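Written out below as structure tokens is the structure these notes cover.
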């Protein structure tokens, strides 16, 4: 290698996250908003896998935590029926 070409090439992609601005500054607020929008877009896209029922993003009200086992079972059954209906909504009945 000649002395003229002794400069190290810069990597095309860096795994270093973009630097975080100082909290309390307008730059920090803009950075935080941009980051929140990117993450929300990722979470609410159809490609995001929430995993099984035991992990992932929690949703629902506080009342659900106070429900009895019987009430939870009834609600789960109703949810399953609603999901079946939702999966079939694109189908049209055929009468003979």
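In full-length UniProt numbering, the protein residues as written are 1 to 96. All C-beta atoms in this analysis are idealised placements derived from N, C-alpha and C, irrespective of residue type, glycine included. All values reported here derive from a predicted model rather than from experimental measurement.
Within 8 Å, strictly: CB atoms of residue i and residue j
i          : j          : result
residue 17 : residue 31 : no
N-terminal and C-terminal residue of the alpha helix (DSSP H) that residue i is part of
i          : result
residue 26 : 26-43
residue 92 : Element bounds for residue 92: n/a, residue is neither H nor E.
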